[in-house]
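A short worksheet on the structure shown next.
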Amino acid sequence: MKTFFKIVILLFLFLCTFSQNVFAEDVYKVTSFNYDTSNSFILLTVPDTIPEPVLESVKFVKMENPTRAYFDINSSILTVPKQDWSFTSNGLKQVIVSQNSTNPNIVRTVMYFDDDYDLSKIHFYRIKNNIFIQLKDTTITNDYFQNTYRDDHASSSDFYEYLTMTAPEESPTDIANEIHEAFASKNTSKKELKLNTKYYIDKITAKQNAVLLNGFGAITIEKPMILTNPSRIVYDIPNTLVRGDIRNTEYSIGTNETVKIGQFSVNKARIVITTEDVKKYIPVISSDNQSLLIANYDKINSFNLFSNVSNMLSYSHEKIDAQTNSMTLAFTSPIVHGINRENDQLTVYLYNVENYNEADFQAAFKDTPFAAASISLIPKIGLKLTMPLEQNSLVNTFLGADGKALKIIIKTPKKQQPAIAVQPITPTVTTPKPEGKGIKKVVIDAGHGGSDYGAIRDNINEKDITLDVARQVRDLLVKKGYVVQMTRDSDEYVSLQDRVAISENFKPDIFVSIHVNSSTGTEASGIETHYYHQESIFLAQTLHASLVSAIDTKNRGLFKSKFYVINHTTVPAILMEIGFISNSQERAELNGSARKKATAKAIVEGVENYFDQIK
Ligand SMILES: [Zn+2]
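Following this note's numbering, the residues of the sequence shown are numbered contiguously, the last one being 787.
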């Protein structure tokens, strides 16, 4: 229980004005709720249209027997079904948001806690147009930030950790029921779901060279993946649910350009834009962090993106640890920002920012890792911030809860111990490849072998499937001009230590281990890709995306796992579980030639995509 204590919830309430005065006074619509597991407080975000007195009237009331607390929002109606969330492991047991039964003009939020929970730890704050309910001792200041962009991809294993939700049996429009319909077996009417959704996509609008997503909660978008045949760019939005009836419809957004959104996995949305201009599509995030425009940046009409202009007010740098630094920019009004993450450079467009102070900006970052960052004003666009990045840096951007601050956090990879000479370190130095002329070296590791059979079902052995696929991968790569080293090329036993030694001696660019999964049950199926080191994430993403798009089975996602061969190798290294031997249908496929051939081909295409993109 204690381990989860830090993990409480973040709740968004999105209120907007009711256009008609049905009642004597103004009535505000409470249209949605969302939450996150990473913070120690509940946050309600309310737009500026709510007048001060309404917000001032929100009071927090604590009660005992049972231990609970509640607050009311007056003059408001709930336009979504009653919300009822159950929690199992963080002191907070349940949150109910409903229209008050005795006074129908009130939306009431009640939180139930464990009996021994100390209610005195809870504090209630209002900061600008945000309401915070602090559930443990953390300092809440004006600088609460929401993650808007991240380079690393959330693992689907992040999902089953802390929240549970029970779906009501009726009300088909309920979000919980919708999740059930999408993911649970159809006949379980009241199954407990574990849920970690902080954004709900309600609407998709296709535009010329752009797509607009509207929803509620808070968006975090992940680094895009660029795929070929056909040329497309793929954006994942973690912790997100897509409304059922807008999934998987293809919209035209231009000549030979289409967009489609799907529920990629249980807690991840995926947007696929098919276009030849993959490099030009960037995400643009609204100032309330609830709408997302993905658009060709050459064709954005920036004036449609905002209604107010903003100026840059202040600039600051913070060193978080040896590898990690942050840049924080503050503005006079909420900002609309776009992010273009290229391999060696980050560009942030601040569409409604009109002024900044060049001297102050340079002075703030002069002796920091952001010294090479530059800023410029572009007519009809706004402000453009550019900074060079070291290869394999991890970028995260955060928007202040009031929309008036942007924080950019850059984590650079740990330096390898230099073997011989030391190069002078400047922000743009990258590690040179061990060989020239673009010839890439790949280690293919066929799992198990010899006396180590791996998983066995029905006289079918993991070691035979992995060797067969590994050989096909090798042959295809060699044909394409790669230099390939196998850790084994026959049915022999090779220890994990020897596999690592073979790879280290060969000094490859990447290491790919091929395994077949198994489970004690017979239901599980699908593909998983495992990585361990930060430097391996992009390799994992790229090969995984290629494999799951080629093979018709479940996408089980990426996992950070401490497997020996991917933990002890020093180059980007991944371990792919290409299917389940314990599932009779998948076993038959894995044992057949078509699936093996398609798997090898997809892995090779993934390798090609990987090297194309890190160039
Ligand atoms: Zn294995």
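Built from N, CA and C at the ideal position, the CB exists for glycine as well. From a predicted model like this one, the values you see are computed outputs, not experimental measurements.
{"Query": "Contained beta strand (DSSP E) runs [length at least 3] in the stretch 685–756, N- to C-terminal order", "Result": "699–703, 727–732, 745–752"}
{"Query": "Tyr371 and Ile454 closer than 9 Å at C-beta", "Result": "no"}
{"Query": "Pro168 versus Val525 - alpha carbon distance", "Result": "Residue 168 lies beyond the stretch modelled for the chain, which goes from 173 to 787, so this question has no answer here."}
{"Query": "Cβ-Cβ distance between Ile753 and Glu634 below 9 Å", "Result": "yes"}
{"Query": "Through-space distance from Asn483 to Val601, alpha-carbon basis", "Result": "Only weak support exists for where Val601 lies, its pLDDT of 32 falling under 50; the coordinates are left without a value."}
{"Query": "Under 5 Å, CB to nearest heavy atom of ligand 3: contacting residues", "Result": "In the structure shown, ligand 3 is absent; the only ligands present are ligand 1."}
{"Query": "Beta-carbon spacing of Val645, Ala772 below 9 Å", "Result": "yes"}
{"Query": "Met283, buried or exposed, once every other Cβ within 10 Å from all chains shown has been counted against 16", "Result": "buried"}
{"Query": "Contact under 9 Å by Cβ, Ile580 with Leu518", "Result": "yes"}
{"Query": "Per-residue DSSP class, three states only, for Pro599", "Result": "With a pLDDT of 33 at Pro599, under the threshold of 50, the predicted position of this residue should be treated as unreliable, though the coordinate-derived value follows. In the structure shown, Pro599 sits in coil (DSSP, three-state: anything other than H, G, I, E or B)."}
{"Query": "Residue range of the unbroken beta strand (DSSP E) whose run includes Ile580", "Result": "577–583"}
{"Query": "Any 3 or more C-beta pairs closer than 8 Å across the stretch 550–568 and the stretch 375–387", "Result": "no"}
{"Query": "Limits of the beta strand (DSSP E) - the one that Gly510 falls within", "Result": "509–514"}
{"Query": "Pair within 9 Å by beta-carbon distance, His716 and Gly778", "Result": "yes"}
{"Query": "Exposure label - Val776; buried when at least 16 CB within 10 Å", "Result": "buried"}
{"Query": "8 Å contact criterion, which Asp617 and Val737 should meet: CB distance rounded", "Result": "6 Å"}
{"Query": "Under the three-state DSSP convention, the category Gly416 falls into", "Result": "helix"}
{"Query": "Bridge partner(s) assigned by DSSP for Tyr321", "Result": "Ile393, Thr569"}
{"Query": "Helix, strand or coil at Ala502 [DSSP, three-state]", "Result": "strand"}
{"Query": "Span separating the alpha-carbon of Asp574 from that of Thr320", "Result": "13 Å"}
{"Query": "Nearest to Gln713 (by Cα), restricted to the options Ala390, Ala745, Gly653", "Result": "Ala745"}
{"Query": "Contact set for Asp290: own chain, Cβ-Cβ below 8 Å, skip 5 residues either direction", "Result": "none"}
{"Query": "Distance CB(Val456)-CB(Val406) smaller than 9 Å", "Result": "no"}
{"Query": "Thr400 (DSSP reduced to helix, strand or coil)", "Result": "coil"}
{"Query": "Continuous alpha helix (DSSP H) stretch holding Val656: start and end", "Result": "Element bounds for Val656: not the alpha helix (DSSP H) but the beta strand (DSSP E), 655–658."}
{"Query": "CB contact flag (Val641, Ile682, <9 Å)", "Result": "no"}
{"Query": "Candidates Tyr469, Thr446, Tyr487, Phe478: closest to Asp460 by CA position", "Result": "Phe478"}
{"Query": "Start and end residues, alpha helix (DSSP H) containing Leu477", "Result": "Unbroken run through Leu477: none, as it is neither H nor E."}
{"Query": "Length of the line joining the Cα atoms of His489 and Ala536", "Result": "7 Å"}
{"Query": "Spatial neighbours of Phe735 in its chain, beta-carbon cut-off 8 Å, leaving aside the 5 residues before and after", "Result": "Ser685, His702, Tyr704, Leu747"}
{"Query": "Given Tyr665 as reference, the closest of Tyr423, Thr400, Asp624, Thr239 once Cα atoms are compared", "Result": "Asp624"}
{"Query": "Collapsed DSSP secondary structure at Val450 in the structure displayed", "Result": "helix"}
{"Query": "Reduced DSSP category for Gly162 - H, G, I as helix; E, B as strand; rest coil", "Result": "The structure shown does not extend to residue 162, since the chain is modelled only from 173 to 787, so the question has no answer here."}
{"Query": "Inter-residue CB distance, Ile750 and Ile699 (contact presumed, cutoff 8 Å)", "Result": "6 Å"}
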